[in-house]
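J.:
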Amino acid sequence: MALMFIDGVPVAARSGAERPIIDPATEEPIETVPVAGAEDVDAAVQAAQRAFADWSHRDADDRAHILRAGVERVRAELPSLAALLCHEQGKPVAEASGELSHFLHGVEFYIDLASKIRGSYTALPSSLGPAYGMVIKRPIGVCAAIVPYNFPITLLGTKIGPALAAGNTVVAKPAETTPLTTLRIAELFAAAGLPPGVFNVVTGSGPVAGEALVSHPAVRRVAFTGGTETGRRVMALAGPRFKRVSLELGGSDPVIVCPDADLDAAVKGVVIGRFFNAGQACLAAKRVYVFAEIYDQFVEQLVARVRRYELGPGWTKAARPNVRMGPLNAPAVRDTLSAQLADATARGARVLCGGGVPPEPERGFYFAPTVVADAPHDSRLVQEEVFGPILPVFRVASLDEAIRLANDSAYGLGSSIWTSNVKWIHRAAHELDAGMTWVNQLHYGYDELPFGGLKDSGIGREHGPEAIEYYLETKSVVVGGLGE
Ligand code: NDP
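Basically the working numbering = 1-based index in the sequence shown + 86.
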């Protein structure tokens with residue numbers, strides 16, 4: 087059994103409860119993990135609280151040095167961690183390696199910032215005697231990091247990187263189905279010298295361990311990535327204690343392809359943007375609006391490319407020139423996709439390729455990459471988040487129509503436009519209701535820029551130097567008594 091990581095040591099749940107972790111490509115159990123109760127979460131939070139006193143007072147360079155040693159341990163184990171991530175999550179090994187590299191890059195970004203956190207100084211009016219003011223930035227305390235199953239390691243990094251570099255301590259709760267790589271990473275950081283209690287991991291369910299963590303009075307900051315409905319619940323639990331919350335939630339990113347677009351680049355960008363990670367990405371390209379004059383050509387190239395995906399276990403390679411797509415993480419994801427697709431086709435949508443659960447491979451939670459035309463804009467396939475490999479494509483007559491339909495969504499995470507027309511780029515940048523707009527670029531989260539949603543896609547930002555502010559509190563100090 088893989089164990090939780092609390093106060094620097096591997097531990098079982100106090101109740102003794104455990105659950106299997108299933109390989110989504112084979113449907114076979116590969117490991118078991120403890121199922122934490124509220125008492126285990128409390129132990130982890132208390133350990134983090136004890137560790138905060140020392141960690142928060144350390145020299146920033148000292149913290150950075152230890153975190154860098156942790157990063158090096160992870161780098162040295164990257165191939166075996168990628169294999170583990172592939173088996174618990176379902177993604178191909180190459181994508182798992184990329185995710186781990188992204189984790190390392192993201193954490194290093196904040197390690198580099200550890201010694202660059204600044205407050206300020208200001209002279210004050212002398213009416214009450216000579217005085218000056220300082221604005222001090224200091225770490226907040228125990229931070230909760232709640233992570234979904236789609237990018238378990240990247241999204242762990244976006245939380246522990248700024249939290250630990252700024253001097254906070256962390257209790258992480260990975261998704262129920264994908265805790266194994268996270269547990270190993272916690273062990274590696276501990277082996278690299280991270281003091282006990284600074285980074286703890288509890289495994290368990292959202293409704294029990296997740297809620298106990300969000301509600302715990304000693305947790306001051308909650309960084310959550312997951313579905314919009316879960317985000318509402320997290321906000322409701324954290325609200326009464328005024329915890330500092332960031333919510334990175336679902337998305338339904340629109341893509342606008344204009345008549346002057348580099349068609350080849352746009353098709354490639356859309357295909358990777360939609361079908362990477364078997365479509366289980368918050369910032370996936372989820373709806374495509376193509377100008378009528380290039381629609382047929384775009385769709386033809388799109389379908390030809392999507393047909394190159396070959397389903398199979400993530401540790402095997404596709405026959406060239408095909409591209410490997412792994413299974414979905416869990417059967418429930420597949421069931422939701424099937425229902426969303428059925429709703430659209432019952433209302434006139436046409437399946438251009440793919441179309442549901444394939445006959446092969448027989449075992450595993452696979453879903454054929456699917457392209458759909460003529461989906462009604464009020465169908466589930468368009469209005470809900472589609473968290474898997476289905477892509478609806480729409481024909482539009484103008485940029486006005488494209489922007490209107492793009493904004494016809496409860497979500498506002500990412501968006502993109504493919505054009506060289508500077509006026510259209512300007513309009514897309516200002517008029518698309520999304521936290522991010524990519525221009526002639528596939529949807530991809532950069533570590534250097536703040537990333538997050540508008541509307542039902544959440545509040546707060548991860549990535550970029552800005553994100554470290556969410557892990558610091560601001561305190562003002564007035565220094566007087568300076569007279570003779
Ligand atoms: P969920 O919301 O189901 O779960 C996310 C995490 O929250 C899991 O660790 C889960 O635990 C936990 N959780 C569930 N219920 C509660 C609760 N009541 N209290 C506290 N924690 C809880 O999301 P999914 O795992 O299904 O992830 C997919 C979603 O994440 C998609 O909507 C996707 O768009 C979004 N996402 C957003 C990103 C962004 O940056 N905006 C990035 C990546 C994904 P458990 O697994 O045990 O249920």
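Here a beta-carbon is modelled for each residue, glycine too, at the ideal position from N, C-alpha and C. Since this is a predicted model, take the numbers as computed values, not measurements.
Consult DSSP for Cys172 and reduce its assignment to one of helix, strand or coil.
T.: Translated into the one-based positions of the sequence shown, residue 172 becomes position 86. Helix at Cys172.
J.: With DSSP as the reference, identify every bridge partner of Tyr218, one or two as the case may be.
T.: Translated into the one-based positions of the sequence shown, residue 218 becomes position 132. BP columns for Tyr218 point to Ala209 and Val565.
J.: Do the CB positions of Glu487 and Lys223 come within less than 9 Å of each other?
T.: Sequence index remark: in the sequence shown, residue 487 carries index 401 (1-based). Sequence index remark: in the sequence shown, residue 223 carries index 137 (1-based). Not a contact, by the Cβ cut-off of 9 Å.
J.: Within 10 angstroms of its Cβ, does Arg490 collect 16 or more other Cβ (buried), or is it exposed?
T.: Numbered from 1 along the sequence shown, position 404 holds the residue referred to as residue 490. It counts as exposed.
J.: What separation, rounded to the nearest whole angstrom, lies between the Cα atoms of Gly313 and Ala352?
T.: For the purposes of this step, residue 313 is identified with residue 227 of the sequence shown, where counting begins at 1. For the purposes of this step, residue 352 is identified with residue 266 of the sequence shown, where counting begins at 1. Each residue's Cα considered, the two are about 28 Å apart.
J.: Going along the chain, which unbroken runs of the beta strand (DSSP E) with 3 or more residues stay wholly within the stretch 276-306?
T.: 285-287
J.: Under 8 Å: do the stretch 355-370 and the stretch 337-345 share three or more Cβ pairs, one atom per stretch?
T.: Yes, they touch.
J.: Considering only residues of the same chain and omitting the five flanking positions on each side of Arg105, which have a CB-CB separation below 7 Å?
T.: For the purposes of this step, residue 105 is identified with residue 19 of the sequence shown, where counting begins at 1. Answer for Arg105: Thr118, Val119 and Val121, listed in chain order.
J.: Measuring alpha carbon to alpha carbon, tell me which of Glu262, Ala261 and Val287 ends up nearest Glu273.
T.: Along the sequence shown, read from residue 1 onward, the residue named residue 273 stands at position 187. If we check each option's Cα against that of Glu273, Val287 comes out closest.
J.: At a cut-off of 8 Å, would you count Tyr532 as near ligand 1, judging by its Cβ distance to the nearest heavy atom?
T.: The sequence position of residue 532 within the sequence shown is 446, counting from 1. No, the beta carbon of Tyr532 sits no closer than 8 Å to any heavy atom of ligand 1.
J.: Which of helix, strand or coil does DSSP assign to Ser502?
T.: Stepping through the sequence shown from its first residue, residue 502 is reached at position 416. The answer is strand: DSSP assigns Ser502 an E or B state.
J.: From Arg436, Ala430, Asp382 and Val457, pick the residue whose C-alpha is nearest to that of Tyr395; which is it?
T.: Here residue 395 corresponds to residue number 309 of the sequence shown, with the count starting at 1. Considering only Arg436, Ala430, Asp382 and Val457, the residue with the shortest C-alpha distance to Tyr395 is Val457.
J.: Taking Gln383 as the reference, give the member of Pro345, Trp401, Gly412 and Ala295 with the closest Cα.
T.: On the sequence shown, residue 383 is found 297 positions in, with the first residue counted as 1. Closest by alpha carbon: Pro345.
J.: Looking only at its own chain, which residues have a Cβ that is under 6 Å from the Cβ of Ser301, when we skip the five neighbours before and after it?
T.: Here residue 301 corresponds to residue number 215 of the sequence shown, with the count starting at 1. Here the set comprises Leu323.
J.: Thinking just about the alpha-carbon of each residue, which of Lys509, Leu540 and Arg436 is nearest to the one in Met522?
T.: What you label residue 522 is simply residue 436 of the sequence shown in a count that begins at 1. Answer by Cα proximity: Leu540.
J.: Mind reading off the beta-carbon distance from Leu500 to Leu369? Whole number of angstroms is fine, and I expect it under 8 Å.
T.: One-based indexing of the sequence shown puts residue 500 at position 414. One-based indexing of the sequence shown puts residue 369 at position 283. The amino acid occupying residue 500 in the given sequence is Gly; Leu does not appear at that position. With 8 Å as the limit, Gly500 and Leu369 qualify as a contact, their Cβ atoms being about 4 Å apart.
J.: Pro110: buried (16+ other C-beta within 10 angstroms of its C-beta) or exposed?
T.: Here residue 110 is taken as the residue at index 24 of the sequence shown, counted from 1. Result: buried.
J.: Between Gly247 and Gly192, is the Cβ-Cβ spacing less than 9 Å?
T.: Counting from 1 along the sequence shown, the entry for residue 247 is found at position 161. Counting from 1 along the sequence shown, the entry for residue 192 is found at position 106. For Gly247 and Gly192, yes; Cβs fall inside 9 Å.
J.: Might you give, ordered along the chain, the residues of its own chain that have their beta carbon closer than 6 Å to the beta carbon of Ser206, omitting 5 neighbours on each side?
T.: As a working note, residue 206 is residue 120 in the sequence shown. Result list for Ser206: Val221, in chain order.
J.: Can you list, in chain order, the residues of its chain whose CB lies under 7 Å from that of Pro455, leaving out five sequence neighbours each side?
T.: As a first step, residue 455 must be located in the sequence shown, where it is residue number 369. Within its own chain, the residues whose Cβ lies closer than 7 Å to the Cβ of Pro455, once the five positions on either side in sequence are excluded, are Phe361, Val392, Tyr395, Met411, Gly440 and Pro475, listed in chain order.
J.: May I have the straight-line CA-CA distance separating Glu517 from Val508, to the nearest angstrom?
T.: Residue mapping note: residue 517 aligns to position 431 of the sequence shown, counting from 1. Residue mapping note: residue 508 aligns to position 422 of the sequence shown, counting from 1. About 14 Å.
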